[in-house]
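J.:
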Amino acid sequence: MSTVMTSGGQPLGAENPGFLSKERIIAAPGFNRWLVPPAALAIHLCIGMAYGFSVFWLPLSKALGIKEAIKCGPDVGFFQELFVSNCDWKISTLGWMYTLFFVLLGSSAAIWGGWLERAGPRKAGVVSAVCWCGGMLISALGVKTHQFWLMLLGSGVIGGVGLGLGYISPVSTLIKWFPDRRGMATGMAIMGFGGGAMIGSPLAAELMKSFASSTDVGVAPTFIVMALVYFVFMMGGALLYRVPATGWKPEGWTPPAAQGHNAMITQQHVHVKKVWGIPQFWLVWMVLCMNVSAGIGVIGMASPMLQEVFGGNLIGVAKKFGELDKAQLTAIAGVAAGFTALLSLFNIGGRFFWASLSDKLGRKLTYVVFLVLGGVLYFSVPASASAGNKLMFVAAFCIILSMYGGGFATVPAYLADLFGTQMVGAIHGRLLTAWATAGILGPVVVNYMRDYQLDVLHMPREQVYNQTMYILVGMLAIGLVCNLLVKPVAQKHFMTEAELAEEKRLAHERMAAGEVGVGDTTVRRTDPIWVAAAWTAVGIPLAWGVYRTLLSVAKFMN
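Taking the numbering used here, I'd label the letters of the sequence shown as residues -4 to 553.
Take a look at the structure:
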């Protein structure tokens, strides 16, 4: 028996899908695809505050004592700190929330990536907003009642799930809207994740300063205000999402011929349930893991590394780090904060620059540049440090951090090239387990090597990072070998026509207007005012964050 279809190409009885359903956000002909990147940015700029949560650690470590921390007794271990309410939390304990963020981001993206592809980005974006902002409200309650387990549950676990869903929510959609500029499209969104802390950290500092009193450090009300602001932005982004109809392509664009770097781009599709058994997935997994491990290890140690290597030279004093007095240490810490701000700008800019460049170079060659140039720069750091060449030292790390961010932004397009676009969001979610692994591996290598050389080998502080740099070169060499081994995926791994049709049915996809008589052919041109308004809404806070960051960079330059 044949199915009766509506004029919109849907089965009769499906004319009124739910508000959050994927059917409701299939774009009509004439929709302006440039409305989708600001929607993605609105979500990524909010969840990107995960990078900046350390701004709360110092105030929270004095939440009870206000002026000075009320230290817990020696009998109070980590598990007791989860429930203790009469002494302050240690900064090392608070840092577990940061670990949970990225473990839950990777695991939730891997677990629910397949659901996201079928449910659509709007529903995923709304769930992300509820989890991320609701988690912050639960954390505010945890601060108010001084119960750390509530903070871990709120921002760490529930917020971490929101991070994972929010992070991958736009990936598949952007790649389908921009088949001609895959790298640039994902670079724009993932740039937002890197820029979230650039906006959120100074905003949180201003709010805490405003709410602080003689009896409150101001963290709980700051969580509440930021949760409400973020909820408005994230819901706005989620509701702005649209997906293209099946078969849509930019006007005048044809898929490139399979030659040169385009030989890696497939027009077929792999199902997410098969990727665990495909060698190319694990090769790209290792490439991302090695690139991120090297970068993330340096991010956490950038400030102390600059201070210990150059010491008093940072403020024009010819003394080593261990010879400085308290005032001088405070002065060089301020300089190092500017260095960290400079690195954040390169991290963010690199996400857009390298991902866009990958559209020209191809994804494989772009990663060759990351891994070879990164290895050369890491290898040069000990020499520039021993020569006291601050310019070379800073330049090396700025380029390294641009490629760290670029690695994140380029990998979704790499996956789309290899495995097709049908389930690239879900596949990207599974690949993010490499990020969770790198989040442990990178800091462990850098921190433990530093402690070992200081405490066991008793090396001078200015030399303790030399061996670490060479280890990071080795990690990038492993990533390079894996990247060079990446070849086009074997035909046996792709979905058959029947399997692809079934997956499209489960994903509630509708054919583009005019194809075999299916679809609404009414053209509804997007008003340019809406596009300008959407970009302004995300551009203003981003510009403010860049401005605040440049103020810190100016102190470093001077």
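A virtual CB, placed ideally from N, CA and C, is assigned to each residue, including glycine.
#1: Taking the alpha-carbon of I294 as reference, which of W127, R19 and S49 has the nearest alpha-carbon?
#2: Alpha carbon to alpha carbon, how far is E303 from T181? Give it in angstroms, no decimals.
#3: Output the distance between the C-alpha atoms of H39 and I185, rounded to the nearest integer angstrom.
#4: What residue from L545, A485 and L501 has the CA that sits closest to F276's CA?
#5: Consult DSSP for K550 and reduce its assignment to one of helix, strand or coil.
#6: Where G72 and K85 are concerned, what is the direct C-alpha to C-alpha distance, given to the nearest angstrom?
#7: Assuming G424 and A105 are in contact, meaning their beta carbons sit under 8 Å apart, how far apart are those beta carbons, in whole angstroms?
#8: If you run the structure through DSSP and keep just helix, strand and coil, what is D412?
#9: Around the Cβ of R358, are there at least 16 other Cβ atoms within 10 angstroms (buried) or fewer (exposed)?
#10: How should W107 be labelled, buried or exposed, when 16 other C-beta atoms within 10 angstroms of its C-beta is the threshold for buried?
#11: Expressed to the nearest angstrom, what Euclidean distance is found between the alpha-carbon atoms of K321 and K66?
#12: Got a sec? Which residues, its chain only, sit under 7 Å from M300 by beta carbon, not counting five neighbours each side?
#13: Just checking, does the stretch 491 to 505 make contact with the stretch 16 to 30 on the three C-beta pairs under 8 Å criterion?
#14: Look at the Cβ atom of A554, then the Cβ atom of L100, and state whether they are nearer than 9 Å.
#15: Let me check understanding here. Comparing Cα to Cα, which of T491, G120 and P239 lies closest to I163?
#16: What residue from F74, D83 and Y225 has the CA that sits closest to E63's CA?
#17: When the Cα of M92 is compared with those of M229, L59, W52 and G109, which residue comes out closest?
#18: List the DSSP bridge partners of V265.
#19: For G13, which three-state DSSP category applies?
#20: What do you reckon, are the CB atoms on F388 and V376 nearer than 9 Å?
#21: With burial defined as no fewer than 16 other Cβ atoms inside 10 Å of the residue's Cβ, what is the status of M259: buried or exposed?
#22: If you reduce the DSSP assignment to three classes, tell me which class V208 lands in.
#23: For I310, name the three-state secondary structure that DSSP assigns.
#24: Pull up the distance between the alpha-carbon of G187 and that of V152, whole angstroms please.
#25: Rounded to the nearest angstrom, how far is the Cβ of N342 from that of G189, given a contact under 8 Å?
#26: Among the residues of its own chain, which have a CB less than 8 Å from the CB of K499, if the five just before and after it don't count?
#27: Which residue marks the beginning of the alpha helix (DSSP H) containing V439, and which one marks its end?
#28: Just the Cα atoms here: how many angstroms apart are P438 and A289?
#29: I'd like the list of long-range same chain contacts for L436, defined as Cβ closer than 7 Å, with 5 residues on each side in sequence excluded.
#30: Measuring only the C-alpha atoms, how far is L36 from G231?
#31: Okay, do the stretch 197 to 216 and the stretch 266 to 273 touch, 3+ Cβ pairs below 8 Å being the bar?
#32: Comparing C-alpha positions only, which one of S208, D354 and M444 sits nearest to A404?
#33: With a threshold of 6 Å on Cβ separation, who are the neighbours of V330 within its own chain once the five nearest residues in sequence on each side are excluded?
#34: So what does V166 bridge to, in DSSP terms?
#35: Comparing alpha-carbon positions, which option in T491, L234 and Y225 lies nearest Q262?
#36: Check whether the Cβ atoms of A34 and L158 sit closer than 9 Å, and answer yes or no.
T.: Straight from the coordinates:
#1: S49
#2: 37 Å
#3: 7 Å
#4: Restricting attention to L545, A485 and L501, the CA atom closest to the CA of F276 is found in A485.
#5: helix
#6: In this structure, the straight-line span from the alpha carbon of G72 to that of K85 is close to 10 Å.
#7: Taking C-beta atoms under 8 Å as the contact rule, G424 and A105 qualify, at a distance of about 5 Å.
#8: In the three-state reduction of the DSSP assignment, D412 falls in the helix class.
#9: Buried, since its Cβ has 16 or more Cβ neighbours within 10 Å.
#10: buried
#11: Using only the alpha carbons, I get a separation of about 23 Å.
#12: Y460
#13: yes
#14: In this structure the chain extends from -4 to 553, so residue 554 is not present and cannot be described.
#15: G120
#16: The residue among F74, D83 and Y225 with its C-alpha nearest the C-alpha of E63 is D83.
#17: With distances taken between Cα atoms, M92 lies closest to W52.
#18: F489
#19: G13 falls in the coil class under three-state DSSP.
#20: yes
#21: buried
#22: Per the sequence presented here, residue 208 reads as Ser, with Val not at that position. Correct three-state label for S208: strand.
#23: helix
#24: The alpha-carbon of G187 is positioned some 22 Å away from that of V152.
#25: The distance from the Cβ of N342 to that of G189 is about 5 Å, consistent with a contact at the 8 Å cut-off.
#26: T241 and Q417
#27: T428 to D450
#28: Each residue's Cα considered, the two are about 9 Å apart.
#29: S288
#30: 11 Å
#31: With the cut-off at 8 Å, the stretch 197 to 216 and the stretch 266 to 273 do not touch.
#32: D354
#33: Correct list, in chain order: L309 and F551.
#34: For V166, which the question treats as bridged, DSSP gives no partner whatsoever.
#35: T491
#36: no
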